Amino acid sequence: MDDTRTPTPESASLPLQGPYWPRSRPLDGDNTVPPLRLVLQPSGWSIDLNKPEVVLGRHTSADVRLPLPDVSRRHCRFVCSDGIWHVFDLNSLNGIFVNGEQARHAILHHHDEFRIGGFTFRIELPSAVKSYEAPTEGVLQRIADILPEPTVSEGQRKAS
């Protein structure tokens with residue numbers, strides 16, 4: 516390829532493929548990324564994604580390498596934006612599948628199924644699991660305490 520353009524400092528930081536949007540804060544100091552775990556099915560082997568952008572693919576330069584021929588060199592990109600995980604297909608040959616449906620882009624949720632080539636993963640978002648945990652001790656008593664006292668109607672008084 517005969518590209519005679521000289522890269523600018525701004526273009527040096529742009530991704531080679533996939534979506535791009537300006538960031539309000541730098542990647543280096545961003546500790547607000549909720550972790551995303553990819554759990555390989557059925558083995559249970561897992562990969563934790565804790566950077567705001569992660570590329571999966573067959574190439575050695577990919578952040579997560581999946582060395583099968585049905586995985587493209589740069590197959591897909593996981594992006595965490597405002598605490599929400601997205602996955603983008605990077606024009607791969609075999610595509611990506613979320614919950615059995617092919618997608619170019621998808622927002623990921625806890626327990627979604629994600630397929631890339633011959634790999635099937637279950638999505639785990641630990642922060643989502645924690646949000647559903649609630650104390651159960653004394654729940655019925657607390658509910659009873661906030662309910663209004665029952666009133667007895669005139670008809671019920673005569674019956675008793």
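Numbering (the numbering used here), first residue to last: 516 to 675.
A virtual CB, placed ideally from N, CA and C, is assigned to each residue, including glycine.
Treat the numbers as computed from the prediction; the structure is a model and nothing was measured.
Assumed close pair residue i, residue j - CB separation to whole angstroms, cut-off 8 angstroms
i, j, result
"Val-569", "Asp-578", "5 angstroms"
"His-626", "Ile-638", "7 angstroms"
"Cys-595", "Pro-549", "7 angstroms"
Where residue i falls: helix, strand or coil (DSSP)
i, result
"Ala-659", "helix"
"Thr-666", "coil"
Minimum C-alpha distance to residue i - residue among the options
i, options, result
"Arg-472", "Gly-632, Ala-659 and Thr-666", "Since the first and last residues shown for the chain are 516 and 675, residue 472 lies out of range."
"Pro-584", "Val-548, Phe-634, Ser-596 and His-624", "Phe-634"
"Pro-557", "Phe-629, Leu-608 and Ala-659", "Phe-629"
"Val-554", "Val-594, Gly-598, Pro-567 and Pro-641", "Pro-641"
"Ile-622", "Gly-598, Asn-609 and Gly-610", "Gly-598"
Residue i versus residue j: straight-line alpha-carbon distance, rounded
i, j, result
"Asn-606", "Ile-562", "23 angstroms"
"Phe-636", "Arg-589", "18 angstroms"
"Leu-564", "Leu-655", "39 angstroms"
"Leu-551", "Trp-600", "8 angstroms"
"Val-602", "Asn-614", "13 angstroms"
"Trp-560", "Glu-664", "54 angstroms"
"Leu-608", "Thr-575", "18 angstroms"
Bridge-paired residues (DSSP) for residue i
i, result
"Thr-635", "Arg-630"
"Val-569", "Phe-593"
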